[in-house]
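Start counting the sequence shown at 0; every next residue gets the next number (numbering that gives the first Met the number 0).
Quick reminder that beta carbons are idealized off the backbone N, C-alpha and C, glycines included.
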Amino acid sequence: MKQSSYIRPLYKLFTAVATVFLFAGCSISIDGENYTSQEPKFELEAFFDGKVTAWGIVQNRSGEIVQRFVVDIDGSIQDGALILDETFTYGMGAGPTKRIWTITKNANGTYIGNAGDIVGEAKGIAYGNAFNFAYEMDLDVDGTTYGVNFDDWFWAMDGNNMMNRSYIKKFGIVMAEVTIFMQKQD
Numbered sequence: 000m001k002q003s004s005y006i007r008p009l010y011k012l013f014t015a016v017a018t019v020f021l022f023a024g025c026s027i028s029i030d031g032e033n034y035t036s037q038e039p040k041f042e043l044e045a046f047f048d049g050k051v052t053a054w055g056i057v058q059n060r061s062g063e064i065v066q067r068f069v070v071d072i073d074g075s076i077q078d079g080a081l082i083l084d085e086t087f088t089y090g091m092g093a094g095p096t097k098r099i100w101t102i103t104k105n106a107n108g109t110y111i112g113n114a115g116d117i118v119g120e121a122k123g124i125a126y127g128n129a130f131n132f133a134y135e136m137d138l139d140v141d142g143t144t145y146g147v148n149f150d151d152w153f154w155a156m157d158g159n160n161m162m163n164r165s166y167i168k169k170f171g172i173v174m175a176e177v178t179i180f181m182q183k184q185d
């Protein structure tokens, strides 16, 4: 009898430790400093000043594609801020949606962004050919709104093309990933 009283607490402790390691392994962490010397240098304002078309997919935790979309972006500089007027057209279900970003560059080179479905402010920083944008969003999925965190990474391929990977997290765990190819239109 006495032995089982020791085994049960040890089993619970083992289960708790294993769960922590399992969830820690579900997180993505990118070190922007790795891109500081990479070329071409990503210039946020230059890339998005004008029309940009983007094509993307959303994958769930299993890697299954759960959404395809096209985004038409009309960017402009107004009163020192970058304004991105985005129209999303979805390939699987949901109708078109719109988001308007206002992004301002701080004196220290970092960025602050705001949009209607963003909670608080998005924070951005450039690293050579990469740009990271982190923010909390109220994400509507099938009529239910979820508070999630985006870890959004952009990489310049050249002056007209860019790749984007977004990691959608809840409680620090990646729940979905978004892959987007963006092309500047002339």
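Close beta carbons around residue i, own chain, < 6 Å, minus the five adjacent residues each side
i: Met161; result: Phe153, Ala155, Met181
i: Thr144; result: Asp137
Residue i in three-state terms, based on DSSP
i: Phe41; result: coil
i: Phe132; result: strand
i: Phe170; result: coil
Residue i, buried or exposed, once every other Cβ within 10 Å from all chains shown has been counted against 16
i: Gly123; result: buried
i: Phe170; result: exposed
i: Ala175; result: buried
i: Val140; result: exposed
Closest by C-alpha distance to residue i, when choosing among the options
i: Ile64; options: Glu42, Ala129, Gly92, Lys97; result: Gly92
i: Gly108; options: Asp141, Gly115, Ala125, Trp100; result: Ala125
i: Arg98; options: Pro39, Val57, Lys104, Val70; result: Val70
i: Phe46; options: Gly115, Ser61, Ile72; result: Ile72
i: Leu83; options: Ile56, Thr103, Ile179, Phe130; result: Thr103
i: Asp48; options: Asp141, Gln77, Ile179; result: Gln77
i: Asn131; options: Gly142, Val140, Ser165, Phe68; result: Ser165
i: Asn105; options: Asn159, Ser75, Gln184, Gly79; result: Gly79
i: Gln184; options: Asn59, Ala53, Ala114; result: Ala53
i: Val173; options: Gly74, Asn59, Leu81; result: Asn59
Neighbourhood of residue i by C-beta, 8 Å cutoff - its chain only, sequence neighbours within 5 removed
i: Tyr134; result: Gly112, Ile117, Val118, Gly119, Glu120, Ala121, Lys122, Asn148, Phe149, Asp151
Same chain only: Cβ atoms within 7 Å of residue i, ignoring 5 sequence neighbours per side
i: Pro95; result: Thr86, Phe87, Thr88
Cβ-heavy atom distance, residue i to the ligand NAP, below 7 Å
i: Arg98; result: In terms of ligand content, the structure shown is empty, and the ligand NAP therefore cannot be addressed.
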